[in-house]
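Shown next, in structure tokens, is the structure this report addresses.
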Amino acid sequence: MQIVAQRPVPPPLLARKAAAICMDSKADDVIVLDLHGVTDMTDYFVVATGTSDTHVRSVAQHVIDELNKQGHRATSTEGLQQGRWVLLDYVDFVVHVFHPSSRSFYQLERLWGDAPMLAVSP
193 MQIVAQRPVP PPLLARKAAA ICMDSKADDV IVLDLHGVTD MTDYFVVATG
243 TSDTHVRSVA QHVIDELNKQ GHRATSTEGL QQGRWVLLDY VDFVVHVFHP
293 SSRSFYQLER LWGDAPMLAV SP
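In this text, residue positions in the sequence shown follow this note's numbering: the first is 193, and each later residue adds one.
Below, the structure is given as structure tokens:
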């Protein structure tokens with residue numbers, strides 16, 4: 193029996209995969225920000241909006257479940273109980289799933305306005 197080492201998935205592909213999972217869960221306004229050269233805290237932000245607290249929790253949980261199936265675990269999860277702003281930290285990328293009012297209040301796209309957006313497809 194030969195064991196073949198699985199090649200790691202590059203971070204931009206994982207960030208795009210997380211964005212696609214958000215879109216599969218019917219999240220709105222899904223974007224990926226490339227933070228290279230903007231900050232050292234992470235490489236990418238995935239930003240998505242749910243339609244309600246329940247939908248925000250559901251979208252975030254779907255990302256967790258699907259990436260877990262592929263062997264990728266979040267190192268930190270915040271806000272899952274409340275459902276207003278869920279943050280999933282995968283070190284190389286961070287997924288933010290917002291309630292609409294929280295997204296408009298925090299305006300991450302404006303805060304990180306000099307970060308280019310990557311194409312996202314379902």
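Idealized CB from N, CA, C, for every residue including glycine.
Every value quoted in this text rests on a predicted model; they were computed, and no experiment measured them.
Item                                                                                                                                                                             : Value
Would a C-beta distance cut-off of 8 angstroms place L300 and H288 closer than the cut-off?                                                                                      : yes
Leaving out five residues before and five after Q298 in sequence, what residues of the same chain have Cβ atoms less than 8 angstroms from its Cβ?                               : The question names Gln, but residue 298 in the sequence shown is Tyr. Taken in chain order, the residues that qualify are W277, F290.
Hey, H254 and I213: beta-carbon distance below 8 angstroms or not?                                                                                                               : yes
Within this structure, are the beta carbons of V238 and F285 separated by less than 8 angstroms?                                                                                 : yes
Excluding the 5 residues preceding and the 5 following D306 in the sequence, name in chain order all residues of the same chain whose CB lies nearer than 8 angstroms to its CB. : V230
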